[in-house]
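Asker:
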Amino acid sequence: MNSAVVRGEVRLLLRDPAVWIVLLVLVVTLIGAASQGVLRQHAEIAVLTEMANADADRLESATWDAIRLEEQGGNVSRFRDPRNADVVGRRLAVQHLILPPTGLAALAVGQSDLHPAWHPVSLEPRDQLLAEGELNSPRQLAVGRFDVSFVVVFVAPLLLLGLLAGSPARERESGMLPLLAVQRGQLGGWLALRTGLRLLIVLLPILVVGVMVVLLPGSDAFEAAAFDTLLRLVLWAGAVTGYLTFWAALGAWLGTLVRDTAQSVLALASSWLLLVILLPAIANVSLELSYPQPSRIEYVNAMRAATDLARAEGSEALQQYLEDHPEMAGDDVDVDDFFAQRLLVQERVEEALLPLSTAFEQQRQARARQVSWLRWASPAMLASAGLADAAGTSESRQADFLQQVHGFHDAWRDFFGPRVLAGRPFFEHDRIPTFEYSQEPPARLAARMAVVMLGCFGLSVAFGLLALRRARSLPKVMGNE
Amino acid sequence: MAASDAGGHCPLELIGLRKRFGPVQALAGLDLRVGAGECYALLGPNGAGKTTALNILLGFLQPDAGTARIAAVDVQADPDRARRNLAYIPEQVQLYPRLSGLENLAYFHGLGASEAMADAQLRDCLRQAGLTDTAHDRRVHTYSKGMRQKVGIAIALARRAPVMLLDEPTSGLDPEAAFELNNSLRDLAARGVTILMATHDLFRAREVASRIGILVAGRLQQEVDPASVGGAELESLYLAAVRDLLGRAS
Amino acid sequence: MIARLVAKELLELRRDGRVWMLLAILGVLAAGAALSAWQQVRTQHAAWHAASAGEQERWLAQDEKHPHSAAHYGVYAFRPPGPLAAFDPGLDPYLPVTVWMEAHRQNEALYRPAQDAGSAVRFGRLTPAIIVGALLPLLIVLVAAPAISGERERGTLRQLLAQGVAPGRWVLGKGLALATLLAGLLLPLWLLVAAVLIVASAPLDTLARWLAAGALVALYLGGFLLTCLFVSACSRSVRTALLVLLSVWAVSTLIAPRAVLEWAQWRHPTPSSFEFRQALQADLRDRSELDARLARRAAELLEAHGVDRLEQLPVNFDGFRLQAAEEHDYAVFDAHFGRLHDGYLAQERLLQWFGVLAPYLAFSAASSGLSGTDLLHYRHFADSAEQHRRVMQEVLNEAIYRNPEVDGQRYLAGPELWAIVPKFEYSAPSLGRVISGHAPAFAVLTGWLLLPLMGLLRVAPRLQP
Chain A
1 MNSAVVRGEV
11 RLLLRDPAVW
21 IVLLVLVVTL
31 IGAASQGVLR
41 QHAEIAVLTE
51 MANADADRLE
61 SATWDAIRLE
71 EQGGNVSRFR
81 DPRNADVVGR
91 RLAVQHLILP
101 PTGLAALAVG
111 QSDLHPAWHP
121 VSLEPRDQLL
131 AEGELNSPRQ
141 LAVGRFDVSF
151 VVVFVAPLLL
161 LGLLAGSPAR
171 ERESGMLPLL
181 AVQRGQLGGW
191 LALRTGLRLL
201 IVLLPILVVG
211 VMVVLLPGSD
221 AFEAAAFDTL
231 LRLVLWAGAV
241 TGYLTFWAAL
251 GAWLGTLVRD
261 TAQSVLALAS
271 SWLLLVILLP
281 AIANVSLELS
291 YPQPSRIEYV
301 NAMRAATDLA
311 RAEGSEALQQ
321 YLEDHPEMAG
331 DDVDVDDFFA
341 QRLLVQERVE
351 EALLPLSTAF
361 EQQRQARARQ
371 VSWLRWASPA
381 MLASAGLADA
391 AGTSESRQAD
401 FLQQVHGFHD
411 AWRDFFGPRV
421 LAGRPFFEHD
431 RIPTFEYSQE
441 PPARLAARMA
451 VVMLGCFGLS
461 VAFGLLALRR
471 ARSLPKVMGN
481 E
Chain B
482 MAASDAGGHC
492 PLELIGLRKR
502 FGPVQALAGL
512 DLRVGAGECY
522 ALLGPNGAGK
532 TTALNILLGF
542 LQPDAGTARI
552 AAVDVQADPD
562 RARRNLAYIP
572 EQVQLYPRLS
582 GLENLAYFHG
592 LGASEAMADA
602 QLRDCLRQAG
612 LTDTAHDRRV
622 HTYSKGMRQK
632 VGIAIALARR
642 APVMLLDEPT
652 SGLDPEAAFE
662 LNNSLRDLAA
672 RGVTILMATH
682 DLFRAREVAS
692 RIGILVAGRL
702 QQEVDPASVG
712 GAELESLYLA
722 AVRDLLGRAS
Chain C
732 MIARLVAKEL
742 LELRRDGRVW
752 MLLAILGVLA
762 AGAALSAWQQ
772 VRTQHAAWHA
782 ASAGEQERWL
792 AQDEKHPHSA
802 AHYGVYAFRP
812 PGPLAAFDPG
822 LDPYLPVTVW
832 MEAHRQNEAL
842 YRPAQDAGSA
852 VRFGRLTPAI
862 IVGALLPLLI
872 VLVAAPAISG
882 ERERGTLRQL
892 LAQGVAPGRW
902 VLGKGLALAT
912 LLAGLLLPLW
922 LLVAAVLIVA
932 SAPLDTLARW
942 LAAGALVALY
952 LGGFLLTCLF
962 VSACSRSVRT
972 ALLVLLSVWA
982 VSTLIAPRAV
992 LEWAQWRHPT
1002 PSSFEFRQAL
1012 QADLRDRSEL
1022 DARLARRAAE
1032 LLEAHGVDRL
1042 EQLPVNFDGF
1052 RLQAAEEHDY
1062 AVFDAHFGRL
1072 HDGYLAQERL
1082 LQWFGVLAPY
1092 LAFSAASSGL
1102 SGTDLLHYRH
1112 FADSAEQHRR
1122 VMQEVLNEAI
1132 YRNPEVDGQR
1142 YLAGPELWAI
1152 VPKFEYSAPS
1162 LGRVISGHAP
1172 AFAVLTGWLL
1182 LPLMGLLRVA
1192 PRLQP
């Protein structure tokens, strides 16, 4: 293949109005998606920062108040006393554990809109704390966000196929194919060149926008480690390239199978529909039918039944404090004992709940494993999961974070529990456990992404080879019809 | 020369037709009258205006000036009524590939007629058009081009219209089929049908037409009586007309 | 003649292997989607039924305890599946399944099912409503795009017109044939479901909703069919018609919903949970008015009964205190949650109006509305639960108020009090309310029907070969 041919192909592309239309649509959607992502990321970081600051401020003023009260004395209700371990552990020192967004969070919403990037930890019942979440509009959750991932997974293949439509069917219709074949002998290289150029038209803007979004100044408020960001960016770019290469190879192969442009449009559109809409839908439906998700209603029902006894006992124990109003219960009530009793009741209820919540969590995880197989139903699902993974908004990072939250919660209980039960004044504000999110080892992420890329590139190679084989006999096949 | 009706109208009349497409003058004042039972062949090179004239007669195009009348109905004023008196065979008869020849005929006929025809009558038409009985019920996508053309003729026959328009009717037909078509046309003419065919096949035109007009650059350059000229003579007349005009133009 | 036209078109469609293949694929998908949706609704319904009964049973079976302990024991209100949730689960997976009705707290809405579903599930949802709203239009595009443009491209249109057929009637025949095909597919299914509903003695409201859903589908698909015919009538080639209509489809069902929602989110932003709670807590903490009210009431009571300590009153002032605190919170809760939900609903309305650009938006809003699986229904449920919570608190606090301590013994209530608290019964809003809430969607879809119809009425009689 000499440079004259390449120049010729480029010239043909530049003079094709379809190319400019595709570029326009792609750039407009990319800019829309990227700015949505950047704004969203900024807003999220702002909220998380504010959250962390509010926690820190509250704890700091509690610390000073405790010292001041101790040194200067003063009257304060036991329910607001910063020297009361229960008050500190339940309210004043509440910590919002934060899952820091990665440097690529602007590129994919993933599952981050469904699971909050924070969890409060305090002495309050654990299930109550975990149930707190974002208020995202249910409609938006159902429909999905207009993010760069969406453009890559749904729109870009459509545009790429639009560019590939009619190649080489148009050459055949116009009778140019035999001429080309006579000139070149074999059409494999020619087909690869024109497919590759079209792939670049779609791929390059996406990669450029991706890199720009990540490197945009001001998105590193959370000090995402530069190495982590770089690694994720490389993996993300690899997944995008793999996914779109797959579509290009598939498009080229389908192009060699059809007879005319109308058929080519139909075949490419059908392949998109099949892989992006129908196969995921079929996979989902069959999963729902064979492996229904655990029912939260049943869980709540079982939870109530299982904790009924513990609650009844708790009510009895807390009777003397009017449940949670020792301040109304009369002057002879020992308020410190109330805090201890409440904690014990809570622990008993949670203990009763534990087998149930563990079983439910196991059910959830078993299902999550089944669901993770689903992504192999279609490259689109594979890529979508991979892009979210690279951006750190996948379910697995969330689950890993939740594990850390649970661990920290235990540490919190271990720290405050004995101190509440002891009922002594609390001055260890500086020894309260603090949370440090530990990043997933890069090798694990890289391994997961490697699987995604392997899948996409493997399919690309397979369809590419098929296309080349067809291309070899292209003029013959076409000529016979 | 053309036989006209009581009102002095010929079944097919073109009067001073003009049509321009951008810089191209497709018709430059075409006058033509074809009487009942006449078969008129419009000869001309590509781009002479044959198809434009047919399109105006079919009501698909508005002329810039002039009038086209079918059975005394002004095509431009009432194209629907004009078409009711018209049968048409295009250069390439297009049919629905998933229907059989008979079903296609029944459908097309049904569209134009107020009453459906019985199967037997339809089959008669197909036979008249030269389609053998075994082919009647086969799906059209198995037909050769000649067979499709025959169904087109059958459609035209079944219409029993007083005027018939043909656009390059023999193009792509094998000699035998072309011969049969000519026979059918002669039969129709004998039954009083007015036929206008646009063609550039001089020999077939001479065989079937009762008059031949040579159309060049949107104007009728010459009219010839085929009975009075031989094939070679007709060809030289035609070439002379075309060259003369094109020579003048360049 | 129209009948002949329709018959021929249907014969051709019947002999088209591709149509059969498409129908087969669609049929399998529809069966799977319907089965899965039905199974989900059935399990959900069973769980809802069991859990609601369980809650009521547990409530009534409480031991003797102080009414405020019972108020904290609380009751879970479970959201029943919408009347037509098996047709369109709509927002169901993204709406909390239960509200905990406890003392001092409003709207402890918990657990969106999607959180337990796994990530891949969000990718390719398939429900009967999505089949009707997104996939059937695609079938219509594939079948109807070539309807007129194909005949033009092939040259048959030229012959047809030469045959003297009135083009308007011919187009009408095309439209009727395609409509017959669609009706032949959908009407039996619709009737079947209607029959099942009748046999299962479903409530009249559900039947009326099913009727309305049928009308909605007819309106939407009718509009789509007319749009396809209009574009087909205006296109020189099948390829053009296909490209235009596939683009319309992709924009309407794929791009517009997400893009419009971003816009809606920008216009009516949802606060972050943190901001929301901060603001809520700040307002709840402001108790100056409450304290003043309590002091006023205490003074009144002391004076009326001629005693100087609250403990000497023949009533339990705690009951008043608790109730007053609840009532103080009501206004705060109402304001904050009201704003939140108003924001959601404003987004929904915007979405419906954007149906002008993308009819799928209007369809999905209206269909989830009729199915009882949209925000309107969720808010109705949450409001009902809150109303119930308030009644419950009032009954319990009233009991405390009426029963002062006797000889230092605190009042303990028993089953007779638990039984006074009514059972939480929820029924979805009436069809009239649903339709008026989705008036923009219906208006927009009517527009989508009329506009291409007008276009066709203009274009069809002057159809050019």
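Chains as they are written, first to last, in our numbering: chain A, 1 to 481; chain B, 482 to 731; chain C, 732 to 1196. C-beta atoms are modelled at their ideal positions from N, C-alpha and C, and glycine is treated no differently. In this text the structure is predicted, and so the values were computed from the model without any measurement.
Under the three-state reduction of DSSP, which class applies to Val-208(A): helix, strand or coil?
Answerer: Residue state, collapsed to three classes: helix.
Asker: Report yes or no: is there a C-beta of chain B within less than 8 Å of the C-beta of Gln-771(C)?
Answerer: For Gln-771(C), the answer is no, since every Cβ of chain B falls outside 8 Å of its Cβ.
Asker: Check whether chain C comes within 8 Å of Ile-282(A), counting only Cβ atoms and requiring the distance to be less than that.
Answerer: Taking Cβ atoms only, chain C reaches closer than 8 Å to Ile-282(A), which makes this a yes.
Asker: Please return the same chain residues whose Cβ sits closer than 6 Å to the Cβ of Leu-1184(C), not counting the five positions on each side in sequence.
Answerer: Cβ within range, chain order: Leu-957.
Asker: Nearer than 7 Å: is that true of the beta carbon of Met-303(A) relative to any heavy atom of the ligand FAD?
Answerer: Judged by which ligands are present, the structure shown has none, so any question about the ligand FAD falls away.
Asker: To which residues does DSSP link Cys-520(B) through a beta bridge?
Answerer: Paired residues: Ile-676(B).
Asker: So, at 8 Å on beta carbons, what are the nonlocal neighbours of Pro-120(A) in its own chain, with the 5 sequence-adjacent residues on each side left out?
Answerer: Closer than 8 Å at Cβ, skipping near neighbours: Val-94, Gln-95, His-96, Leu-97, Leu-129, Glu-132.
Asker: Alpha carbons only, please: which of Ala-792(C), Gln-770(C), Gln-846(C) is nearest the one belonging to Arg-296(A)?
Answerer: The residue with the shortest Cα to Cα distance from Arg-296(A) is Gln-846(C).
Asker: Check distances from the C-beta atoms of the stretch 1166-1177 of chain C to those of chain A and list, in chain order, the residues that come in under 9 Å.
Answerer: Going along the stretch 1166-1177 of chain C in chain order, one finds no residue with a Cβ nearer than 9 Å to chain A.
Asker: Residues in its own chain within less than 7 Å of Ala-764(C) by CB, not counting five upstream and five downstream?
Answerer: Leu-857, Thr-858, Pro-859, Ile-862.
Asker: Pair every Cβ in the stretch 15-24 of chain A with every Cβ in the stretch 194-202 of chain A, then say whether three or more of these pairs are closer than 8 Å.
Answerer: Counting Cβ pairs under 8 Å, three or more are found: they touch.
Asker: Do Phe-1048(C) and Leu-1071(C) have their CB atoms nearer than 8 Å?
Answerer: No, they are not a contact pair.
Asker: Out of Phe-818(C), Leu-742(C), Gln-775(C), Glu-1079(C), which one is the CA nearest neighbour of Ala-943(C)?
Answerer: Checked all of Phe-818(C), Leu-742(C), Gln-775(C), Glu-1079(C); the closest Cα to Ala-943(C) is Phe-818(C).
Asker: Which residue from Gly-1186(C), Trp-901(C), Phe-1155(C), Ala-972(C) puts its Cα closest to that of Trp-779(C)?
Answerer: Per the Cα distances, Phe-1155(C).
Asker: Ordered along the chain, which non-local residues of its own chain (more than five positions away) have a Cβ less than 7 Å from that of Ala-221(A)?
Answerer: Unreliable positioning characterises Ala-221(A) in this predicted model, as indicated by a pLDDT of 45, which lies under 50. The coordinate reading is nonetheless provided below. Closer than 7 Å at Cβ, skipping near neighbours: Ile-45, Thr-49.
Asker: Going by DSSP, which residues form a beta bridge with Val-621(B)?
Answerer: DSSP output for Val-621(B) lists no bridge partner at all.
Asker: Quick one, are the C-beta atoms of Cys-606(B) and Leu-646(B) less than 8 Å apart?
Answerer: Taking 8 Å as the Cβ cut-off, Cys-606(B) and Leu-646(B) do not qualify as a contacting pair.
Asker: Given a cut-off of 8 Å, decide if Ala-522(B) and Ala-635(B) are closer than it, judged by their beta-carbon atoms.
Answerer: No, these two residues do not count as a Cβ contact at 8 Å.
Asker: Would you give the residue range spanned by the alpha helix (DSSP H) that Arg-448(A) belongs to?
Answerer: It spans 442-472 - the alpha helix (DSSP H) in which Arg-448(A) sits, taken as one unbroken run.
Asker: Is the Cβ of Pro-294(A) closer than 8 Å to any Cβ of chain C?
Answerer: Yes - at least one Cβ of chain C is within 8 Å of the one on Pro-294(A).
Asker: Listed from N- to C-terminal order along the chain, which residues in the stretch 880-912 of chain C have their beta-carbon within a distance smaller than 8 Å of any beta-carbon of chain B?
Answerer: Against chain B - using a Cβ distance shorter than 8 Å - the residues of the stretch 880-912 of chain C are Arg-885, Gly-886, Thr-887, Arg-889, Gln-890, Leu-891, Leu-892, Ala-893, Gln-894, Gly-895, Val-896, Ala-897, Trp-901.
Asker: Kindly indicate the opening and closing residues of the alpha helix (DSSP H) around Leu-69(A).
Answerer: That run of the alpha helix (DSSP H) goes 17-72.
Asker: Is Val-477(A) helix, strand or coil when you go by DSSP?
Answerer: Because Val-477(A) sits at a pLDDT of 49, beneath the cut-off of 50, its placement in the model cannot be relied upon, and the following sentence gives the value as read from the coordinates. Looking at Val-477(A) - three-state DSSP - the assignment turns out to be helix.
Asker: Could you give the DSSP three-state label for Leu-254(A): helix, strand or coil?
Answerer: Of the three classes helix, strand and coil, the one that applies to Leu-254(A) here is helix, per DSSP.
Asker: Can you give me the C-alpha to C-alpha distance between Ala-1055(C) and Tyr-1132(C), rounded to a whole angstrom?
Answerer: Using only the alpha carbons, I get a separation of about 12 Å.
Asker: State the DSSP-derived secondary structure class of Ile-98(A), mapped to helix, strand or coil.
Answerer: Residue state, collapsed to three classes: strand.
Asker: Would you kindly work out how many angstroms separate the C-alpha atoms of Leu-309(A) and His-799(C), rounded to a whole number?
Answerer: In a straight line, the C-alpha of Leu-309(A) is about 18 Å away from that of His-799(C).
Asker: Looking at chain B, is there any beta carbon in it that lies within less than 8 Å of the beta carbon of Met-732(C)?
Answerer: Cβ-Cβ to chain B under 8 Å: yes for Met-732(C).
Asker: Met-1185(C) lies in the alpha helix (DSSP H); which residues open and close that run?
Answerer: Segment 1170-1190, the alpha helix (DSSP H) holding Met-1185(C).
Asker: Name the chain C residues that come within less than 9 Å of Asp-600(B), Cβ to Cβ?
Answerer: Those within 9 Å of Asp-600(B) in chain C number zero; the least Cβ separation is about 14 Å.
Asker: Within 8 Å of any Cβ in chain B, is that where the Cβ of Arg-735(C) sits?
Answerer: Yes, Arg-735(C) counts as interfacial toward chain B.
Asker: Tell me the rounded alpha-carbon separation between Cys-491(B) and Leu-917(C).
Answerer: Using only the alpha carbons, I get a separation of about 55 Å.
Asker: DSSP beta-bridge partners for Phe-1051(C)?
Answerer: Paired residue(s): none; Phe-1051(C) is not in a bridge.
Asker: Please go through the stretch 491-556 of chain B and give each complete alpha helix (DSSP H) segment of 4 or more residues, from N-terminal end onward.
Answerer: Runs of the alpha helix (DSSP H) inside the stretch 491-556 of chain B: 531-539.
Asker: Please report whether the beta-carbon of Pro-844(C) lies at a distance below 8 Å from any beta-carbon of chain A.
Answerer: So yes, Pro-844(C) belongs to the interface.
Asker: Helix, strand or coil for Val-151(A) per DSSP?
Answerer: It is helical.
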